[in-house]
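Numbering (full-length UniProt numbering), first residue to last: 1 to 360. Take a look at the structure below.
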Amino acid sequence: MKIPPTFDKVHLKFKLNSGNYQYDDLYDVAYSFIKEGEHYEEVFGHFLMDWLDKRDYIIIKTSGSTGKPKTIEVKKQAMVNSAIATGDFFNLQPGNKALHCLPSNYISGKMMLIRAMILGLELDIVNPTSEPVFLKNKKYDFCAMTPMQLRNTLDRTHNIETIIVGGSKVTNSLKEAIANHPAKIFETYGMTETVSHFALKQLNNFTEEQRNKQQHFKLLPGISISQDERKCLVVEVPYISKDKIVTNDVVEIHSKTEFEWIGRYDNVVNTGGVKVFPEQIENKLAGIIDKRYIIASEPDDLLGEKLILVVEDKTNQLDPSVFDSLEKFERPKVIYNLEKFSETGFGKIQRNKTLAMLHL
Numbered sequence: 001m002k003i004p005p006t007f008d009k010v011h012l013k014f015k016l017n018s019g020n021y022q023y024d025d026l027y028d029v030a031y032s033f034i035k036e037g038e039h040y041e042e043v044f045g046h047f048l049m050d051w052l053d054k055r056d057y058i059i060i061k062t063s064g065s066t067g068k069p070k071t072i073e074v075k076k077q078a079m080v081n082s083a084i085a086t087g088d089f090f091n092l093q094p095g096n097k098a099l100h101c102l103p104s105n106y107i108s109g110k111m112m113l114i115r116a117m118i119l120g121l122e123l124d125i126v127n128p129t130s131e132p133v134f135l136k137n138k139k140y141d142f143c144a145m146t147p148m149q150l151r152n153t154l155d156r157t158h159n160i161e162t163i164i165v166g167g168s169k170v171t172n173s174l175k176e177a178i179a180n181h182p183a184k185i186f187e188t189y190g191m192t193e194t195v196s197h198f199a200l201k202q203l204n205n206f207t208e209e210q211r212n213k214q215q216h217f218k219l220l221p222g223i224s225i226s227q228d229e230r231k232c233l234v235v236e237v238p239y240i241s242k243d244k245i246v247t248n249d250v251v252e253i254h255s256k257t258e259f260e261w262i263g264r265y266d267n268v269v270n271t272g273g274v275k276v277f278p279e280q281i282e283n284k285l286a287g288i289i290d291k292r293y294i295i296a297s298e299p300d301d302l303l304g305e306k307l308i309l310v311v312e313d314k315t316n317q318l319d320p321s322v323f324d325s326l327e328k329f330e331r332p333k334v335i336y337n338l339e340k341f342s343e344t345g346f347g348k349i350q351r352n353k354t355l356a357m358l359h360l
């Protein structure tokens, strides 16, 4: 069995913005980023300094997309192990070139650096804006993006071999837009507690066999899953934690290595005795409503709970035909509007905070 490298080691082929650095050199690199860099470089430098300190863990803040943000301790070796699992899945090799365009104050941005240092990648860092600027003629082997970043750079990402997408929902319209994109694009599933993703779903570049069957999330090697009594996903990631991780995500398990995400258990609505997952209705409306929107509920004397639709717009006026694809029990009884939704730094809607703005 191959022994993984420890967190205090850097691969000999690791490069950062074309410079070749060893472990001891990185203190000066981090200091330079903090003192002289732009804001995103300063954030990157602070994380690098945290990685180089004598602790065997780092403090990471969760995104807060489904609840209140919290800080947790993540073992540095767990991050190394996660990087290796991703490298094995995508067959990343020393000397491969990677583009870093995510904020380094989130786990996904931190992991791009760790993958590069551990796997020996040549990493280019750019400003993690919603439309990152990078050399469109330079070949990259690997990159992680948010859905918004991918949509905004579709005309400049043809020279990236593999792109993983996460941080917020991949809409049906984006899936259609990337159908013929030359890059292999994967949607990620994971959370801060699992140190980035532990499952991936291919979104394009399908073989004939893949085209004829529905794609599900596939687990990285060494991971096992089950369900609790709520049908929520329970994950065992032995290279991250000895404890099982119980999620609030209702799933359908198709095999030992594949599952389908249904929706959040804490979002389920019981309307007139029928249990409805807002996320499934949102998927049906994708591409029909051209604004951002949320399906949720409010108390109702007759139904117990009634479905509501909240649109990010100056008005709540919608053509009734937008609901033609919905079953009778799936149709919202009330439409509300908010001019601006609450969102995370990745642009992911914060459901609870957004709904609280309605003061229902």
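Beta carbons: idealized from backbone N, C-alpha and C, even for Gly. From a predicted model like this one, the values you see are computed outputs, not experimental measurements.
{"Check": "Cα-Cα separation between Val310 and Lys169, rounded to whole angstroms", "Outcome": "17 angstroms"}
{"Check": "Ser65 to Glu176 span [Cα, whole Å]", "Outcome": "Any reading at Ser65 needs caution, since the residue's pLDDT is 49, under 50, leaving its predicted position unreliable; the model's value is listed next. Cα to Cα, the separation comes out at about 25 angstroms."}
{"Check": "Spatially closest choice to Val234 from His216, Pro221, Leu220 and Ile253, by CA coordinates", "Outcome": "Ile253"}
{"Check": "Span of the alpha helix (DSSP H) around Phe90", "Outcome": "Lys76 to Phe90"}
{"Check": "Residues bridged to Ile60 [DSSP beta-bridge criterion]", "Outcome": "Ile72"}
{"Check": "Rounded straight-line distance, which links the Cα of Lys35 to that of Ser224", "Outcome": "44 angstroms"}
{"Check": "Counted within 10 angstroms of its Cβ, other Cβ atoms place Gln317 as buried (16 or more) or exposed", "Outcome": "exposed"}
{"Check": "Per DSSP, the bridge partner or partners of Lys169", "Outcome": "Looking at the DSSP assignment, Lys169 forms no beta bridge with any residue, so it has no partner."}
{"Check": "Start-to-end residues for the beta strand (DSSP E) that takes in Lys306", "Outcome": "Gly304 to Glu312"}
{"Check": "DSSP bridge partner residues for Met145 (one or two, in chain order)", "Outcome": "Val165"}
{"Check": "Identity of the residue in Thr71, Gln149, Asn81 and Asn137 nearest Pro103 by Cα", "Outcome": "Gln149"}
{"Check": "Buried or exposed (CB count within 10 angstroms, at least 16 for buried), Lys110", "Outcome": "buried"}
{"Check": "Pick from Leu338, Phe186 and Ser321 that is closest to Asp313, judged by C-alpha positions", "Outcome": "Leu338"}
{"Check": "Element boundaries [alpha helix (DSSP H), containing Met111]", "Outcome": "Ile107 to Leu119"}
{"Check": "Whole beta strand (DSSP E) elements within the region 324–353, 3-residue minimum", "Outcome": "334–338"}
{"Check": "Cut-off 8 angstroms between Cβ atoms - residues of its own chain near Gln227, not counting five sequence neighbours on either side", "Outcome": "Leu233, Val234, Val251 and Ile253"}
{"Check": "Residues of its chain near His11, where Cβ-Cβ distance is below 7 angstroms and the 5 sequence neighbours each way are ignored", "Outcome": "Pro94, Met117, Ile118, Leu119 and Gly120"}
{"Check": "Arg351 versus Asn172: straight-line alpha-carbon distance, rounded", "Outcome": "20 angstroms"}
{"Check": "Residues of its chain near Glu279, where Cβ-Cβ distance is below 6 angstroms and the 5 sequence neighbours each way are ignored", "Outcome": "Gly263"}
{"Check": "Segment contact flag, the region 295–310 with the region 268–276, C-beta cutoff 8 angstroms, min 3 pairs", "Outcome": "yes"}
{"Check": "Residue nearest to Glu41 in terms of C-alpha spacing, selected from Asn105, Lys9 and Val334", "Outcome": "Asn105"}
{"Check": "Ser18 classed as buried or exposed, judged by whether at least 16 other C-beta atoms fall within 10 angstroms", "Outcome": "exposed"}
{"Check": "Sheet register partners of Asp301 (DSSP bridge)", "Outcome": "BP columns for Asp301 are empty, so no partner."}
{"Check": "Reduced DSSP category for Val251 - H, G, I as helix; E, B as strand; rest coil", "Outcome": "strand"}
{"Check": "Outcome for Lys275 when other beta-carbon atoms lying within 10 angstroms are tallied against a minimum of 16", "Outcome": "exposed"}
{"Check": "Buried versus exposed, by CB contacts within 10 Å (16 or more), Ala179", "Outcome": "exposed"}
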